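A.B. asks: The following block contains the structure, expressed as structure tokens.
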Amino acid sequence: MLEFPLLGEVSLLALGLLVLAAFGAGWVDAVVGGGGLIQLPALLTGLPQQAPTGAVLGTNKLAAAAGTAVSSATYIHRIRPLAATAVPLVVCAALGSAAGASLATLIPRAWMSPIVLVALVVVGIHTLRRPQLGLEHAPRHQGRPHALRAGAIGGAVGLYDGILGPGTGTFFIIAMVTVLGFGFLEASVHAKLANLTTNLGALLVFGVHGQIVWSLGAIMAVANILGGALGARLALRHGSGFVRIVFLVVVGALALKLGWDTVRLLS
650 MLEFPLLGEV
660 SLLALGLLVL
670 AAFGAGWVDA
680 VVGGGGLIQL
690 PALLTGLPQQ
700 APTGAVLGTN
710 KLAAAAGTAV
720 SSATYIHRIR
730 PLAATAVPLV
740 VCAALGSAAG
750 ASLATLIPRA
760 WMSPIVLVAL
770 VVVGIHTLRR
780 PQLGLEHAPR
790 HQGRPHALRA
800 GAIGGAVGLY
810 DGILGPGTGT
820 FFIIAMVTVL
830 GFGFLEASVH
840 AKLANLTTNL
850 GALLVFGVHG
860 QIVWSLGAIM
870 AVANILGGAL
880 GARLALRHGS
890 GFVRIVFLVV
900 VGALALKLGW
910 DTVRLLS
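Using our numbering, the letters of the sequence shown correspond one by one to residues 650 to 916.
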């Protein structure tokens, strides 16, 4: 079990910033996904440099899973998910996440920002070029073709989530909007279920290997829950148009931050 000296070397200021980041990550993740793009960089900065990659990722998963569970319950209370979408999406996401988590320790910390940056830029450009994307809920497929596509989305994004994690909810949403024809709000409901599954699957792997700073993760989990509950209520109140705007703002801001981080790593 990872605790001290890792947690003992985190200053009170750093701890406060980590809690604030967890709250913001919970809010963003509940609205549009991608909260890990706030929380994970904060952990990379706040934890000591000698902290292993697995400890950073595992602690991030603990806080994220708690927040996602609460926001998922909030969404489901208002919008009923479709079993034909949710079942293959969730099952394949769990399998992909577990497989990805097993590979996570092979990824050097220095590679994380450039990899996520490229994915973010691609997603942002795709969304900007299609102004009406996700504003209407118009599913394109039925039956077996729909289930196969939902499963493919779950497996691919789940694998990414297990390996790295940041932006998983965002990638679930944009994939369902683009491939399945879902509206942003309807995609968010299913994304929360899939993201919760991938978080729990990866968390199990990290926990078994003792790669979680439990006390820090628990503190951040409380903040993530509060942010997630607030974000989900706002998204349900204002609908897909609001979600799309937040989506583009988050993608743009975080792409700039990760770009700066990448430049510093390469210089």
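We treat Cβ as the ideally placed atom computed from N, Cα and C, and that holds for glycine. All values derive from a computational prediction rather than experimental measurement.
Give a yes or no on contact between the region 708 to 718 and the region 767 to 782, applying the rule of three or more CB pairs nearer than 8 angstroms.
C.D. replies: no
A.B. asks: Going along the chain, which residues of its own chain have a beta-carbon closer than 7 angstroms to the beta-carbon of residue 721, five neighbours each way excluded?
C.D. replies: 841, 842, 845
A.B. asks: Below 8 angstroms, how does it come out for the region 671 to 683 and the region 871 to 884: are there three or more Cβ pairs, yes or no?
C.D. replies: yes
A.B. asks: Let me know the secondary structure DSSP gives residue 660 once reduced to three states.
C.D. replies: Coil at residue 660, not helix or strand.
A.B. asks: Between the beta-carbon of residue 799 and the beta-carbon of residue 834, is there less than 9 angstroms?
C.D. replies: no
A.B. asks: Alpha carbon to alpha carbon, how far is residue 742 from residue 790? Give it in angstroms, no decimals.
C.D. replies: 20 angstroms
A.B. asks: How should residue 699 be labelled, buried or exposed, when 16 other C-beta atoms within 10 angstroms of its C-beta is the threshold for buried?
C.D. replies: That one is exposed.
A.B. asks: Assuming residue 811 and residue 749 form a contact by the criterion Cβ under 8 angstroms, report the distance between their Cβ atoms to the nearest whole angstrom.
C.D. replies: 2 angstroms
A.B. asks: Quick check: what's the CA-CA separation for residue 666 versus residue 767?
C.D. replies: 26 angstroms
A.B. asks: Given that a residue counts as buried once 16 or more other Cβ atoms are within 10 Å of its Cβ, and exposed if not, what is residue 774?
C.D. replies: exposed
A.B. asks: Give, in chain order, every unbroken run of the alpha helix (DSSP H) that is at least 4 residues long and sits entirely within the region 789 to 828.
C.D. replies: 792 to 812, 817 to 824
A.B. asks: Would a C-beta distance cut-off of 9 angstroms place residue 693 and residue 900 closer than the cut-off?
C.D. replies: no
A.B. asks: What's the call for residue 893, buried or exposed, on a 16-neighbour Cβ count within 10 Å?
C.D. replies: buried
A.B. asks: Using DSSP with H/G/I as helix, E/B as strand and the rest coil, what is residue 830?
C.D. replies: Residue state, collapsed to three classes: coil.
A.B. asks: Just to confirm, is the Cβ distance from residue 806 to residue 707 under 9 angstroms?
C.D. replies: no
A.B. asks: Measure the C-alpha to C-alpha separation of residue 850 and residue 705 and round it to an integer number of angstroms.
C.D. replies: 16 angstroms
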